[in-house]
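Letter by letter, the sequence shown follows residues -17 to -1, 1 to 414 of mature numbering (1 follows the signal peptide of the UniProt record, and there is no 0).
Reading through the structure tokens given below for one structure.
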Amino acid sequence: MPFLLATAFIASPFVFAQTAGPTQPASLTLATAENTALLNQPRMLAAQQRARAAGEQIREARSADFPTIGFNTTGVRVADPGTATAAGNITTSSISDRFAYGGTLSQLVTDFGRTHALVQQSRDQASAQADLAILTRAQVRLNVRTAYYQVLGAEAVLRAAQSAKATRELVAHQLTELSKSELRSTLDVQFATVLVEQADLAVVQAQSLVAQDRAHLATAMGLQQSIAAPLADESPAGDPLPASPDSLQHDAQTQRADLQAAVAQQSAAQHYAEAEQRLSWPKLTVLAAAGQIPYHDATLHDDYAAAGFNLNIPIFNGGLFAAQRAQAAHEASAAARDTQQVRLEVNEQVQSAWYRAEEAFQSIAVTAKLVAASREALRLAQDRYDAGLGSIVELNEAQLNETSAEIQAADANYTYLTRRAQLDFATGQLN
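Below you can see the structure in the form of structure tokens.
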């Protein structure tokens, strides 16, 4: 049984820290902790920046629908008036002395929907990145709630440990005084002293976990300094779960941000496949140029202006477009399968989270009964020992059982709250 008690203290993830100083800091609420995390958590800030970056990709894709206008200034001095370029092309191109400036304009008329499909792909990718930012927000809130409930649970566990230590110290003191009158043996005193030392060790272990869990809460909130303020216990544990996870699974299919991101990525892959299908279609572009030539030789005029169009019709490029179309089609098919997999995982996560939360909820009532039974057993053992009918070993066993039950009861309430938060995350309610 001493091993059971020690295990209960070591395994419990809950820690409570007392603040020091003449003034008591204001209580930290769960809402404040979550808001602080959303403002300071680097993961949250990074996800928001990635979502903004993905939004700029829409503008990049849409830029193909707008004209491209440029301004150029060129000055050339040739050594021979008959100079012309001859290498690098079939036709020759003469070079004239000149200083000229002017503008050019290029406007896409149509590429038969390819640019539109690429814009839709960018919109889907931006939507997916926004959904991932929402998922990160939910994860940050879950981490804060988990750490917050751990600290609250630690307060209850530490109080139980300190109460057990105080009780055992009182019993040990009474037995010590009785042994001086030879009403109790020194063996009884030694057994009581062992229990006091065990309780003291448990308190020391809990105090060690205090700093660890409060540091974990600070990290979850995006802070570098450990949290010293007391936490406000505002969360009731009596909120029952739905009768089955079926309705929660339906909610998760429409609310889970990672599933929505997978759907958006699937749509993006489909639109990209549509764009690749139009690679072999013609592309019509309007071109225009105008400018002045203040300095020139006899072969040029003082100014120039021209407009025209270019129709590009792909004929053959070694199967490049065909390979790109096939690759995009396979990627779109794979994205659809990825979405199906995410749906399966979401259903499994909701079911698992519901069963874990249901177990923790039922454990609250069970541990309450366990506490009542262990207290009654301790009372009877104490009466037997006081009457000289029981041994110190029997009393020690009852004390260990009662302390273990108190710790489990303190742990059960916040374990349920933690698992309920995990269920809320699984169903998308922390978005």
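Beta carbons are placed, not taken as given, at the ideal position from N, Cα and C, and that holds for glycine.
Starting from residue i, trace the alpha helix (DSSP H) in both directions and tell me its first and last residue.
i, result
"P25", "25 to 45"
"S110", "97 to 163"
"F299", "Taken as a continuous stretch (DSSP letters only), F299 belongs to no alpha helix (DSSP H), as it is neither H nor E."
"N379", "375 to 409"
"Q188", "169 to 203"
Spatial neighbours of residue i within its chain, please: CB distance less than 7 Å, with the 5 preceding and 5 following residues excluded, ordered by chain position.
i, result
"Y278", "R81, F82"
"D407", "L413"
"A319", "Q249"
"I41", "V102, S105, R106, A109"
"P5", "A caution first: P5 carries a pLDDT of 45, below 50, which makes its placement in the model unreliable, though a value can still be read off. Around P5: no qualifying Cβ."
"V325", "D241, L242, A245"
"R293", "The residue you asked about is not Arg; residue 293 is Asn in the sequence shown. Correct list, in chain order: T268, L270."
"N295", "P265, K266"
"A251", "Q104, D107, Q108, A111"
"G301", "none"
Less than 6 Å between C-beta atoms, sequence neighbours within five positions excluded: which residues of the same chain meet that for residue i?
i, result
"D171", "L158, I375"
"G38", "A109"
"A271", "L88, A290"
"A124", "Checking the displayed sequence, the identity of residue 124 turns out to be Arg instead of Ala. So the list reads E17, L413, once near-sequence residues are dropped."
"E43", "none"
"L161", "R167"
"T282", "S79"
"A30", "A116, T119"
Going by beta-carbon coordinates alone, are residue i and residue j separated by less than 7 Å?
i, j, result
"A336", "Q405", "yes"
"V269", "Q24", "no"
"V179", "E152", "yes"
"A100", "A258", "yes"
"Q253", "A315", "yes"
"F304", "S263", "yes"
"A175", "V154", "yes"
"Q334", "P228", "yes"
"L214", "L11", "yes"
"G205", "A20", "yes"
"S357", "E385", "yes"
For the beta strand (DSSP E) holding residue i, just list the boundary residues, first then last.
i, result
"D369", "Element bounds for D369: not the beta strand (DSSP E) but the alpha helix (DSSP H), 303 to 369."
"T57", "51 to 59"
"A272", "266 to 279"
"Q238", "Where Q238 is concerned, there is no enclosing beta strand (DSSP E), although the alpha helix (DSSP H) it sits in stretches over 229 to 238."
"Q90", "81 to 93"
May I ask you to check if the CB of residue i is nearer than 6 Å to at least one heavy atom of the ligand NAP?
i, result
"T202", "Among the ligands in the structure shown, none appear at all, so the ligand NAP cannot be discussed."
In angstroms with no decimal places, state the Cα-to-Cα distance between residue i and residue j.
i, j, result
"A256", "E331", "31 Å"
"A130", "Q232", "26 Å"
"I347", "L224", "13 Å"
"A203", "M27", "11 Å"
"A393", "A194", "19 Å"
"A211", "R308", "59 Å"
"G411", "Q190", "35 Å"
"A381", "A149", "16 Å"
"A340", "R403", "6 Å"
"A355", "G371", "24 Å"
"Y368", "L192", "35 Å"
"S387", "A147", "10 Å"
"G65", "A273", "25 Å"
"E138", "D234", "34 Å"
"A395", "E165", "43 Å"
"Q207", "N126", "16 Å"
"S168", "G136", "39 Å"
"R45", "R97", "11 Å"
"A409", "A311", "32 Å"
"D216", "A121", "21 Å"
By Cβ distance, which residues of its chain are closer than 8 Å to residue i, with the 5 residues on each side in sequence left out?
i, result
"H284", "I276"
"R33", "Q112, L115, A116"
"Q145", "V186"
"Y399", "A220, A340, A343, F344, S346, I347"
Is residue i close to chain E, meaning its C-beta is less than 7 Å from at least one C-beta of that chain?
i, result
"H279", "Going by chain labels, chain E is absent from the structure shown, which holds only one protein chain."
Is the stretch 91 to 100 in contact with the stretch 52 to 61, if contact means three or more CB pairs nearer than 8 Å?
Short answer: they don't touch.
Is it the case that the stretch 364 to 373 contacts the stretch 111 to 123, given that we only count it when at least three CB pairs across the two stretches are under 8 Å?
With the cut-off at 8 Å, the stretch 111 to 123 and the stretch 364 to 373 do not touch.
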